[in-house]
Amino acid sequence: MLAARSQGLGVVPIGGIRNNPQQVIELLNLPDLTFPINGLTLGYVDKPAHLKPRMPINAFRHEERYQDGELDALIATHNRELVRALAAY
Numbered sequence: 423m424l425a426a427r428s429q430g431l432g433v434v435p436i437g438g439i440r441n442n443p444q445q446v447i448e449l450l451n452l453p454d455l456t457f458p459i460n461g462l463t464l465g466y467v468d469k470p471a472h473l474k475p476r477m478p479i480n481a482f483r484h485e486e487r488y489q490d491g492e493l494d495a496l497i498a499t500h501n502r503e504l505v506r507a508l509a510a511y
């Protein structure tokens with residue numbers, strides 16, 4: 423992704439491919455023993471996109487064991503920030 427961006431290309435990862443991998447396998451006519459786990463689009467950007475707020479890392483990164491004590495508050499805060507950011511478009 424860094425190499426593409428350094429050449430002026432826009433890059434968007436497509437994680438949703440894993441939602442229906444069989445359809446992707448058939449569409450791309452993938453050979454046996456291959457499985458799509460991610461996709462990547464490359465292209466020249468017509469209009470730069472605004473960055474959306476990201477979920478704080480402590481909402482999904484846990485050390486030693488799962489800890490969800492602050493999770494509801496972190497998600498609520500993130501959702502408010504996301505709604506505010508999307509409304510600005």
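Counting from 423, one number per residue, gives the positions in the sequence shown under our numbering.
Cβ coordinates follow ideal geometry from the N, Cα and C atoms, glycine included.
Just so it is clear, the structure is predicted and the values come from calculations on it, not from any experiment.
- Query: When you compare only the Cα positions, how much space is there between Leu493 and Ile479?
  - Reply: On the sequence shown, residue 493 is found 71 positions in, with the first residue counted as 1. On the sequence shown, residue 479 is found 57 positions in, with the first residue counted as 1. One C-alpha to the other measures close to 11 Å.
- Query: Is Leu431 near Leu462, with beta carbons less than 7 Å apart?
  - Reply: Position 9 of the sequence shown, counted from the first residue, corresponds to residue 431. Position 40 of the sequence shown, counted from the first residue, corresponds to residue 462. The answer is no: Cβ separation not under 7 Å.
- Separation of Ala498 from Ala510, as counted between CA atoms: One-based indexing of the sequence shown puts residue 510 at position 88. One-based indexing of the sequence shown puts residue 498 at position 76. Spanning the two alpha carbons is a distance of roughly 19 Å.
- Query: Nearest CA to the CA of Leu508: which residue from Ser428, His472 and Ala481?
  - Reply: The count along the sequence shown starts at 1 and reaches residue 508 at position 86. For Leu508, the nearest C-alpha among the options comes from His472.
- For Arg506, which residues from the same chain have a beta carbon less than 6 Å from its beta carbon, with the 5 sequence-adjacent residues on both sides left out? Here residue 506 corresponds to residue number 84 of the sequence shown, with the count starting at 1. Cβ within range, chain order: n/a, list empty.
- Apart from the five residues on each side of it in sequence, which residues of its chain come closer than 8 Å, Cβ to Cβ, to Val434? Sequence index remark: in the sequence shown, residue 434 carries index 12 (1-based). Within the same chain, Val434 has close Cβ partners Leu462 and Thr463.
- Same chain, Cβ closer than 8 Å to Phe457, five either side skipped, listed in chain order: Walking along the sequence shown from the start, residue 457 turns up at place 35. Contacts found: Pro443 and Ile447.
- Message: Please state the DSSP three-state secondary structure of Ile436.
- Response: Here residue 436 refers to the residue found at position 14 when the sequence shown is read from its first residue. Strand.
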